[in-house]
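Visitor:
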Amino acid sequence: METDIETVRRIADLAALSMKEEELDGYVQDLNIIIGYMNQLSTIDTGDTKPMEHILALQNVFREDIPDHSNRREELMKSASETKNGCYIVPSVVES
Numbered sequence: 230m231e232t233d234i235e236t237v238r239r240i241a242d243l244a245a246l247s248m249k250e251e252e253l254d255g256y257v258q259d260l261n262i263i264i265g266y267m268n269q270l271s272t273i274d275t276g277d278t279k280p281m282e283h284i285l286a287l288q289n290v291f292r293e294d295i296p297d298h299s300n301r302r303e304e305l306m307k308s309a310s311e312t313k314n315g316c317y318i319v320p321s322v323v324e325s
């Protein structure tokens with residue numbers, strides 16, 4: 230499939246891109262190269278290949294979720310500039 234200037238204009242219009250007329254020929258050539266690579270890839274037989282999510286074998290590296298019944302509220306509240314009744318007080322961001 231060969232791409233022409235009108236196709237590039239249409240794609241640019243759909244993507245809300247502005248292109249100069251003198252740039253269009255370059256974009257046509259680039260798009261034809263990309264489409265050529267995609268066509269080349271589509272000829273590869275992948276029938277026996279199992280689909281992968283990632284090229285490397287990954288494992289969950291998270292620690293086991295063990296309940297911890299410690300209450301660190303007082304320690305955490307020390308970092309706040311202002312607190313009231315165990316809650317952080319922050320400046321209002323809504324205009325009244």
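According to the working numbering, the stretch in the sequence shown is residues 230 to 325, in order.
The beta-carbon is built from N, C-alpha and C at its ideal position, and this holds for glycine as well.
None of these values were measured; they are calculated from a predicted model.
(1) I believe residue 241 touches residue 230 by the beta-carbon criterion, under 8 angstroms. Please report the beta-carbon distance rounded to the nearest angstrom.
(2) Return the Cβ separation of residue 232 and residue 273 in integer angstroms, given the expectation that the two are a contact with Cβ distance under 8 angstroms.
(3) When DSSP labels each residue in this structure, what does residue 312 get in the three-state scheme?
(4) Could you give the residue range of the alpha helix (DSSP H) that holds residue 255?
(5) In terms of residues, what are the limits of the alpha helix (DSSP H) holding residue 285?
Guide: Walking through what the data contain:
(1) That belief does not hold up - the Cβ atoms of residue 241 and residue 230 are roughly 18 angstroms apart, past 8 angstroms.
(2) In fact, because the Cβ distance is near 22 angstroms, the residues do not count as touching under 8 angstroms.
(3) strand
(4) Boundaries of the alpha helix (DSSP H) harbouring residue 255: 253-271, taken from the DSSP string.
(5) Taken as a continuous stretch (DSSP letters only), residue 285 belongs to no alpha helix (DSSP H), as it is neither H nor E.
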